[in-house]
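Novice: Questions regarding the structure given below will be posed in turn.
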Amino acid sequence: TVRCMCYRKGLSQSALPYRRSVPTWLKLTSDDVKEQIFKLAKKGLTPSQIGVILRDSHGVAQVRFVTGNKILRILKSKGLAPDLPEDLYHLIKKAVAVRKHLERNRKDKDSKFRLILVESRIHRLARYYKTKRVLAPNWKYDGRIRVRRK
150 TVRCMCYRKG
160 LSQSALPYRR
170 SVPTWLKLTS
180 DDVKEQIFKL
190 AKKGLTPSQI
200 GVILRDSHGV
210 AQVRFVTGNK
220 ILRILKSKGL
230 APDLPEDLYH
240 LIKKAVAVRK
250 HLERNRKDKD
260 SKFRLILVES
270 RIHRLARYYK
280 TKRVLAPNWK
290 YDGRIRVRRK
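Whatever position you read off the sequence shown (first residue = 1), add 149 for the working numbering.
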């Protein structure tokens, strides 16, 4: 099968450890991790960037194992979650970059084709998020959207 959001058929993926317990060497408590998450979110980082920083700098392999909740849920509880879901945000950002490129290089047929593919992924993802009530039912993707984070 072909994956939806990438161009390969890859079966490789990372596997989480079977044991869901917190490692004994981790000294951070659940509240410490939440404070770190709030601090990083106020700097404007996305949930995945927060997860990478916690993993690499603080030794928190899985936030869910320590706190019992995922990063996005923790952010939602404080009202710090981004307006747009992260995957949709990055697709829109990519489409805006391709559109900007096409303004300078009008004859670039391949980029025009790739823009159509990216925008169809945006529409598909937006349809999914509307059914899940993450996006407002009247939310529309407009090619001229300026991408900004909170």
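Beta carbons are placed, not taken as given, at the ideal position from N, Cα and C, and that holds for glycine.
Among Thr216, Arg273 and Ile199, which has the Cα closest to the Cα of Thr178?
Specialist: By 1-based counting over the sequence shown, the position of residue 178 is 29. Residue Thr216 is the option with its Cα nearest to Thr178.
Novice: Out of Lys242, Tyr278, Lys279 and Thr280, point me to the one whose CA is closest to Leu264's CA.
Specialist: Taking the first residue of the sequence shown as 1, we reach residue 264 at position 115. Checking every option, the nearest Cα to that of Leu264 belongs to Lys242.
Novice: To test your reading of the DSSP string, which unbroken beta strand (DSSP E) runs of 3 or more residues are found completely within the segment 202-288?
Specialist: none
Novice: Between the segment 258-273 and the segment 213-229, are three or more C-beta pairs nearer than 8 Å?
Specialist: No: fewer than three Cβ pairs fall under 8 Å.
Novice: Could you have a look at Leu189 and say whether DSSP puts it in helix, strand or coil?
Specialist: Within the sequence shown, residue 189 is the residue found at index 40, counting from 1. Helix, per DSSP.
Novice: If you measure between the beta carbons of Leu175 and Asp236, is that distance less than 8 Å?
Specialist: Counting from one through the sequence shown, the residue named residue 175 turns up at place 26. Counting from one through the sequence shown, the residue named residue 236 turns up at place 87. No, they are not a contact pair.
Novice: Express the C-alpha separation of Pro231 and Ser197 in angstroms, rounding to a whole number.
Specialist: In the sequence shown, the residue the question calls residue 197 occupies position 48. In the sequence shown, the residue the question calls residue 231 occupies position 82. Going from the Cα of Ser197 to the Cα of Pro231 covers about 12 Å.
Novice: In this structure, does DSSP put Lys130 in helix, strand or coil?
Specialist: What is shown of the chain runs 150 to 299, which leaves residue 130 out entirely.
Novice: What's the C-alpha gap between Asn287 and Thr173?
Specialist: Here residue 287 corresponds to residue number 138 of the sequence shown, with the count starting at 1. Here residue 173 corresponds to residue number 24 of the sequence shown, with the count starting at 1. Taking the straight line joining both Cα atoms gives about 48 Å.
Novice: If distances are taken between C-alpha atoms only, which option among Lys192, Ala285 and Gln211 comes closest to Ser163?
Specialist: Counting from one through the sequence shown, the residue named residue 163 turns up at place 14. For Ser163, the nearest C-alpha among the options comes from Gln211.
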